[in-house]
Each structure stands twice: as structure tokens, then as C-alpha cells.
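A quick write-up on the structure given underneath.
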């Protein structure tokens with residue numbers, strides 16, 4: 002029975018298929034499984050509904066649900082039936098019951114969309130649909146429901162007033178989409194029917210939207226002004242209104258805001274903020290300095306400590322040369338800054354006033370600088386300004402003291418320059434200690450200055466001041482950027498402490514600094530240990546290592562330390578094996594302190610094994626070395642060890658797996674891909690599947706998915722039952738454009754599928770892929786098999802039409818498309834537009850341009866947002882000289898949110914060409930420039946502008 006039913010299905014004989022399946026359901030044979038009977042019932046209902054026998058199909062489906070509820074299967078059947086018979090109330094009622102029982106949010110949403118489009122729909126249907134669309138992140142569907150809700154609300158008794166959430170929701174969604182004009186329109190419609198506080202709030206939102214880019218500043222201004230009339234002190238109104246007038250450069254409007262608002266503001270800070278905004282407008286936009294002075298003066302009258310107002314006013318006085326008013330203002334501001342102990346402002350004002358007095362009252366400038374230094378004694382700008390008044394003729398001692406103060410806060414090249422000048426001055430004063438202080442301060446200001454450093458060290462050496470010399474050298478070492486330069490200096494300082502000062506504790510302190518610069522330097526560690534031992538911190542350090550080990554047989558830090566020392570000696574003479582034995586014992590006691598030594602020992606051991614031809618020993622040492630490096634916090638170095646090893650033994654699965662983990666963690670996906678490729682040849686079973694999938698993932702992350710293809714094909718060849726590998730390879734084929742191979746796999750899946758829905762989708766997909774690679778003739782067979790399952794599917798109809806067209810079977814394409822087009826009850830549909838587009842193309846192939854244009858026009862009417870249709874219609878209409886139709890289509894292109902076959906820039910250019918052809922030079926220039934602004938690489942736009950005498 003099942004075989005006979007499949008044959009009937011393949012022939013498209015629905016009546017025969019129902020008859021056979023009825024026999025299966027009613028069979029008295031106890032060997033017929035209940036599962037088969039149940040599946041047959043659902044299939045009977047599907048065939049009946051698809052064939053138009055809706056009442057019988059519903060009865061059968063109800064019986065199937067009573068027998069065994071399969072809501073998912075029933076929902077798919079009813080969804081297709083509802084699309085075919087949208088006016089059938091009983092069908093829609095059962096669809097609702099099944100959708101809700103299934104718990105499938107998408108199915109419930111589909112029902113609600115269909116219900117909302119039917120007569121008698123309520124706003125509750127819309128509200129629930131919107132909530133469910135939002136829950137599954139389907140914003141376009143939610144917005145479509147809201148648009149339907151707008152129609153329902155306007156036709157209802159209460160109108161929009163009882164459904165104000167609908168236009169508000171539409172406004173918010175349009176705003177989120179960047180469609181400010183429509184967001185404004187919806188928000189206005191909501192505000193117009195609202196009352197009280199809600200109306201106020203909504204009009205506020207209208208004004209806010211209108212003030213945004215793409216909005217309507219004049220609308221924003223009028224709305225804010227209207228609202229401000231009822232609440233003139235509301236900051237949320239006057240502040241944005243002032244901003245809008247500023248954008249409009251509307252001085253009269255801004256002055257009106259200031260005049261009507263200032264008296265209503267109780268907080269002085271709010272009043273001054275509005276004044277400062279107005280003053281900035283006057284200065285920056287209107288260039289009206291005199292009026293700005295009045296406003297800024299009013300700010301300072303209300304708040305004498307308003308720093309910004311004072312600074313802007315001072316800038317005006319300075320720019321206009323009004324030194325008298327400037328000095329008076331700065332004096333008052335300086336007094337205020339002192340009163341509030343504002344040190345930063347005191348320094349700034351002292352410098353500014355001093356600069357003003359430099360020319361005619363230098364002594365006054367000096368007093369200002371000194372007064373500022375009383376507040377900020379280490380201010381380099383004030384010290385520099387004051388020092389400028391102590392030239393060659395000044396008292397040398399005072400000048401030197403002032404220079405020394407400045408040197409104490411100077412750095413870098415300036416510090417070095419000042420130190421040299423100060424040393425010269427102290428030498429003239431015969432002040433040896435002053436010279437030494439200048440050298441010391443200069444070196445600390447510029448530790449990288451080799452000349453200062455050499456002079457200071459020479460000074461201490463000549464006087465055998467070893468303590469200061471060692472401290473200077475240590476300071477130099479600490480400020481060296483590279484360890485290579487720093488370490489010799491650390492060692493020199495430590496040697497001074499040991500030999501000249503007999504102070505091993507200080508030597509150890511210096512060597513600890515060296516060790517911090519190069520913690521991996523074992524020589525530094527040994528030197529540090531030696532200095533600590535000399536200072537009495539570790540008496541056993543000087544003992545013979547071997548004899549000491551005999552005394553410390555129990556595990557402890559001393560034994561670990563001695564084991565490390567003996568291992569170093571062993572490694573120095575090439576005894577790697579006994580050295581590693583000692584280091585492994587020490588590592589068990591003190592892993593952190595021994596890791597570096599053990600790494601060196603294991604590295605030597607594996608190299609010896611390689612030289613002596615012992616691969617087992619080399620492999621063991623290599624794996625142990627990588628493990629120790631990882632435990633010691635050097636996983637990257639361990640990874641390099643393993644990587645070197647697998648180059649010699651590429652079938653070491655353990656090493657490859659470790660490398661895969663390390664490189665994946667470090668996101669080195671190119672290396673991960675190489676490891677996975679090698680593992681494919683090593684692994685078996687599920688591990689081989691995982692390697693194949695990992696190879697694809699790594700190649701995708703390096704943006705080279707095609708490199709995974711050979712490996713994935715190899716893995717599927719060895720693991721043909723793996724659905725994951727099969728799915729991954731199909732995904733890869735699609736990603737790299739291997740459409741022929743993908744089509745073959747899709748066809749295999751189609752033939753193997755049991756469920757009609759799955760078979761339909763696979764056959765259709767295979768046909769579409771074959772069309773895409775230009776094999777339209779071959780696409781007809783799978784598409785025909787898909788049509789035998791779901792002949793009414795619009796996407797399938799479009800694909801079949803493409804296949805017919807690609808096979809030059811235009812008449813069959815026309816008949817197919819015409820029948821499908823005639824079946825549409827609604828004149829607006831993307832599918833309808835797609836079919837009409839193909840009719841247009843057939844007309845074009847046939848050389849009938851007028852018919853082609855007519856089809857393109859109705860296609861654009863069916864789908865106003867179809868960029869493909871609009872582009873073709875625009876180009877054809879221009880060729881035919883139909884400028885009105887061309888302009889209509891071009892406007893659609895310019896409103897597209899996603900790129901299509903014609904760019905926005907080209908659409909603007911075409912409008913310019915039409916305008917030029919029509920003699921409208923102004924529009925031609927406007928649109929051409931808009932095209933160039935949209936895409937500055939569109940040379941055709943520039944050439945057009947030059948052609949019409951513009952640039």
C-alpha cells in the first residue's frame with residue numbers, strides 16, 4: 002500500500018493515493034503497524050486539503066488528531082491549506098487549536114497573522130501577534146501586524162484613542178530602523194488623540210524625533226515652543242529648543258527662548274547655562290562679540306566664580322586689544338581663585354596676567370609669578386616665566402637657586418639642558434657642591450643623558466665616594482629599558498658594594514633588581530644566592546653540593562636547591578640523563594624553582610637521543626619537556642617543542658591532539674587546521690569525524706574554508722554514515738560555491754528522504770542550484786519531482802519558470818507563470834512580482850520591449866520595494882523614452898535599504914540624465930551631485946557634470 006501510494010503521489014494522482022491509503026488505514030491485517038496507519042491518515046488529510054476538498058480534509062485531520070495528536074505535522078498541513086483557502090473559517094479555527102496545542106511560537110504567529118488579515122479581526126489578535134513576533138525576533142512581521150492594527154483601530158468605534166499603543170509601536174520601530182519621517186508621522190498621530198500627561202509626553206517625543214538627523218527642525222521648534230508655553234521653566238523643553246534654534250541658526254528664535262525662559266528659571270546655574278549657550282552662539286555663529294560680552298558679564302554678575310565665562314570674556318578682551326578690561330577681569334578672577342584655593346586656576350591666571358604685564362610692567366609680572374609660586378612652588382611654567390626675568394645681569398646666586406628649583410621639576414632634554422647651564426653658573430660661583438647637586442638633579446631628570454651620567458660617575462670616582470657611585474649606577478640600571486643594557490650596570494653596582502664597601506646585603510639588593518629585569522637568568526640567581534650567603538642568609542650555600550646532598554636525604558627546599566646546582570654541573574659536561582634524574586627529583590619538591598633547570602635538562606636529553614638515534618627516548622623526553630613548560634607557565638614554548646617533534650613524526654596522535662588544544666586556545670587557527678588535517682589520517686571513528694569538523698571550523702576562522710574541502714571529503718569517504726560530516730560538507734560546498742557537488746548531495750538526500758516536505762525542499766533546492774550553474778535543462782527533472790509534491794508552491798513555480806527560460810522553453814514558462822499569476826487574489830505580493838518580472842524578461846527575450854515594460858510596471862506595483870524590478874524598469878523605460886515611468890522606478894531604487902543591481906548613486910545619475918534631457922538644468926546638476934556624493938568613485942557622474950558644464 003505504501004509503495005502504491007508513493008507511485009500515485011509521484012504521478013500526481015491524489016485520488017488514487019487517498020484510495021490506497023484508506024485501504025491501509027482500514028485494513029484488518031493485524032500486522033499493519035499503528036504508526037503506518039497514523040502516518041497514512043495524516044497524509045490523506047494533506048492530500049485532500051491540497052486538492053481543495055477542505056471539509057473532507059478537515060474531518061480526516063480531526064480523526065488523525067484523535068487517534069494520535071501530532072500537532073507539528075498537523076500544523077504544517079493546515080498552514081499550507083490556510084494559504085490555499087484563506088477564507089475557510091472552520092479551517093482557520095482548527096489551525097488555531099492545533100497551533101496553540103503545538104506550543105510552536107512560529108506556528109501561532111502564522112495563525113495570528115492570517116487571522117488579523119481577516120474581517121472581524123480584533124486588536125487583541127494584533128497585540129498577541131506583535132508580542133509573539135517580538136519573542137521570536139521577527140521585527141518585520143511585528144511591524145506588519147501593527148500596520149494591520151492601525152487599519153483595525155481606525156475602523157473601530159473608539160478609533161486610535163483606544164489603541165494608541167499601535168501608532169506608538171510603529172513610531173518606535175520606524176525610529177529604530179532610522180526612518181525618522183515615518184516615525185514622526187506615527188508619533189504625531191498618537192499625540193493628536195492623546196490627553197493630559199500622555200499627550201505632553203508624546204508631543205515631546207515628536208519634537209525629539211523632529212530634531213534628529215533626517216527630521217524636521219521647524220516642526221521640532223514649533224512643537225517645543227508650544228510645550229514650553231505651558232511650562233517655561235522645564236529644562237527638558239528649553240534646552241533642546243535652544244539647540245534646535247542653534248542648528249537652524251535662528252537668532253531671533255534663540256533670543257525668544259532666552260527672553261521667555263530666564264525669568265522662569267529659579268536655579269542660577271540653569272540661568273547661566275542658558276546664557277552660556279546663547280553667548281557661544283553669538284560668538285561662534287553670529288560673530289557678535291559685543292552682544293556676547295553683555296551676556297558673559299551677566300553670567301559673572303550672577304556667579305563670579307564661573308571659570309568658563311571668565312575665560313571666554315578674557316579671550317574676547319584679548320582678541321580686541323582691550324587690555325584695561327582684560328587686566329581688571331583677570332585681577333578679579335585671580336582674587337576669586339585665591340579665595341577658593343583653586344591652585345590650577347591661580348597658576349593659569351598668574352601666567353596670563355604676567356604675560357600681559359611683561360611689556361610695560363615687568364616688576365608687576367615678577368610679583369605675579371612669585372605670588373603664584375607661593376601657591377604652587379613646583380609649577381614649572383611659573384618657574385620658567387620667573388627665570389626669564391633673571392638674565393645675565395641678575396644676581397647670580399638668586400638665578401642659580403631659581404634654576405635649581407626648576408631643575409628639580411624638569412625632565413628629559415629640557416632637564417639636561419638646564420643642568421648643564423646650572424653647572425656652568427655654579428662653577429662661575431666656585432660652588433663645587435652646587436655643581437654636584439646640579440649633576441645629580443640633572444641625571445635624575447634625564448637618566449638617559451650619557452654625558453651627565455658620565456660626569457656624575459667621574460665626580461664620585463675621583464673622590465672615591467663609592468656609596469654614591471654605586472647608588473648612581475644602580476639608578477641608571479633601573480632606568481634602562483632593555484635587560485641587555487641594564488644587567489652589566491646592575492653587576493657593576495653590586496661589585497662596588499661587595500669589593501669596595503664590603504656590603505653583601507646591598508649587593509644582594511642590587512642583584513635582586515637585576516633578577517627582576519631578567520628572571521630567567523640563572524647566573525643572576527646564583528649571584529644573588531652567593532651574595533645572600535655572604536650576608537649570612539644561607540650558610541649551606543658554600544658547601545660542596547655532593548656532600549650536602551648526602552646530608553639532606555629528606556625532601557625539602559635545601560635538597561631541591563642542591564639538586565639543581567648538581568644538575569647544572571652535570572649538564573655543563575654533557576651528562577644529560579643523570580642531570581634530568583636530579584632535576585625531576587627537585588621538581589617534585591619545588592616545581593616553581595626547578596622548572597627552568599628541568600627544561601634545560603630535558604631539552605639536552607632529547608637532542609642527545611636524536612643524535613644517538615633513539616626515537617623512543619627522544620619522544621619521551623619531548624613530551625615530558627612540553628608538559629613541564631606548560632606547568633611552568635610557558636605553554637607557547639611547550640607548543641613549539643611539540644610542533645618541532647611532529648614535523649619529524651607526523652603520526653604522533655598524542656602530540657597532535659595537544660598541539661590542537663594549545664593552538665585552539667591561542668586562536669592560531671592556521672596551525673589548528675594543519676593539526677586537524679594530520680589527525681584525519683591518524684584517527685578513526687568518531688574521533689575522525691571530530692577532526693574533519695574541526696578542520697572546517699579552523700579553515701573558516703582563517704577565512705579559507707575551501708582549504709578544508711579535501712580533508713572533509715576524505716573524512717566523509719571513511720565515515721559515510723556521519724550526518725554531521727555530510728551536513729558540514731554540504732555547508733562548505735555552498736560556502737565555496739561548489740554548487741554542482743552540492744546539487745548532487747541534495748539530490749541524494751531528496752531520494753533518501755521519507756517525509757514529503759523534506760523531499761519537496763531537497764528536490765526544489767537541487768533544481769535551484771542547477772539553474773544557478775547554468776544547467777537549466779538538468780534542473781527540470783528535480784523541479785518536476787518537487788512539483789508532484791507541492792505544485793502550488795510559489796518559489797517552486799518561479800524556479801520552474803527559470804528552468805524553462807534557461808532551456809529556451811519560453812512558451813511553457815509563459816503558460817506556467819500565467820496560470821500562477823491568475824491564481825493570485827491579491828495584487829501585491831513579492832512572489833507575484835517575481836513571476837511578473839520573469840514574464841517581462843520573456844517579453845524582452847522575444848524582443849517585445851513595450852510588453853516587457855508593462856510587465857515590469859505591474860511587477861513594481863505588486864512589490865514596491867523590489868530593487869531588481871525597479872532597476873530593470875528604469876533602464877528599459879529610459880531606453881524607450883518613457884521618462885515618467887523611469888523616474889518612478891528610479892525613486893524606488895534610491896529608497897532601497899539594501900544594495901541591489903542598481904546602486905543609489907547610479908539611480909541619482911539616471912534622474913539627472915532625464916532632467917537634462919527634459920531641459921531642467923538645475924535638477925540635472927542637483928541629482929548628479931547627489932550621485933557623486935553617494936559614490937565618489939562613480940566616474941560617470943563626474944563626466945556627466947563636466948559634459949553639462951558643471952563640476
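Residue numbers (this note's numbering): 2 to 952. All C-beta atoms in this analysis are idealised placements derived from N, C-alpha and C, irrespective of residue type, glycine included.
C-alpha gap between residue i and residue j, whole angstroms
i	j	result
residue 448	residue 417	9 Å
residue 113	residue 100	10 Å
residue 697	residue 746	18 Å
residue 569	residue 581	10 Å
residue 640	residue 647	11 Å
residue 654	residue 663	14 Å
residue 765	residue 783	7 Å
residue 311	residue 378	25 Å
residue 681	residue 741	25 Å
residue 432	residue 482	34 Å
residue 247	residue 198	28 Å
residue 888	residue 172	29 Å
residue 243	residue 231	17 Å
residue 213	residue 203	16 Å
residue 584	residue 629	11 Å
residue 673	residue 685	18 Å
residue 597	residue 632	11 Å
residue 951	residue 943	9 Å
residue 543	residue 515	The predicted position of residue 543 is uncertain, since its pLDDT is 33 and thus under 50; a value taken from the coordinates is nonetheless stated next. Near 22 Å, if we compare the C-alpha coordinates of residue 515 and residue 543.
Exposure label - residue i; buried when at least 16 CB within 10 Å
i	result
residue 624	buried
residue 182	exposed
residue 398	exposed
residue 366	buried
residue 829	exposed
residue 137	exposed
residue 867	buried
residue 613	exposed
residue 295	exposed
residue 441	buried
residue 558	exposed
Cβ neighbours of residue i in the same chain (closer than 8 Å, five flanking residues each side left out)
i	result
residue 53	85 and 86
residue 496	508
residue 347	335, 338, 339, 373, 376 and 377
residue 811	805, 843, 846 and 847
residue 677	661, 692, 693, 695, 696, 699 and 712
residue 687	none
Residue i - DSSP class collapsed to helix/strand/coil
i	result
residue 569	helix
residue 768	helix
residue 545	Low per-residue confidence applies at residue 545: pLDDT is 36, beneath 50, and the placement is therefore not dependable, though the value from the model is reported in the following sentence. Three-state DSSP puts residue 545 in coil, outside helix and strand.
residue 213	coil
residue 401	helix
residue 267	coil
residue 591	coil
residue 941	helix
residue 491	helix
Residue of the options minimising C-alpha distance to residue i
i	options	result
residue 300	319, 270 and 287	270
residue 925	139, 62 and 912	912
residue 121	156, 904, 147 and 132	156
residue 634	815, 690 and 595	595
residue 461	721, 470, 454 and 115	470
residue 424	859, 412, 443 and 194	443
residue 427	401, 88 and 419	401
residue 895	863, 914, 931 and 923	931
residue 865	28, 78, 891 and 308	891
Same chain only: Cβ atoms within 7 Å of residue i, ignoring 5 sequence neighbours per side
i	result
residue 619	607, 610 and 611
residue 702	670
residue 936	904 and 906
Check: residue i C-beta below 6 Å from any heavy atom of the ligand FMN
i	result
residue 238	Inclusion of the ligand FMN in the displayed structure is not the case, the ligand content being empty and no account of it being possible.
6 Å Cβ shell around residue i - same chain, five flanking residues per side excluded
i	result
residue 860	834, 837, 838 and 870
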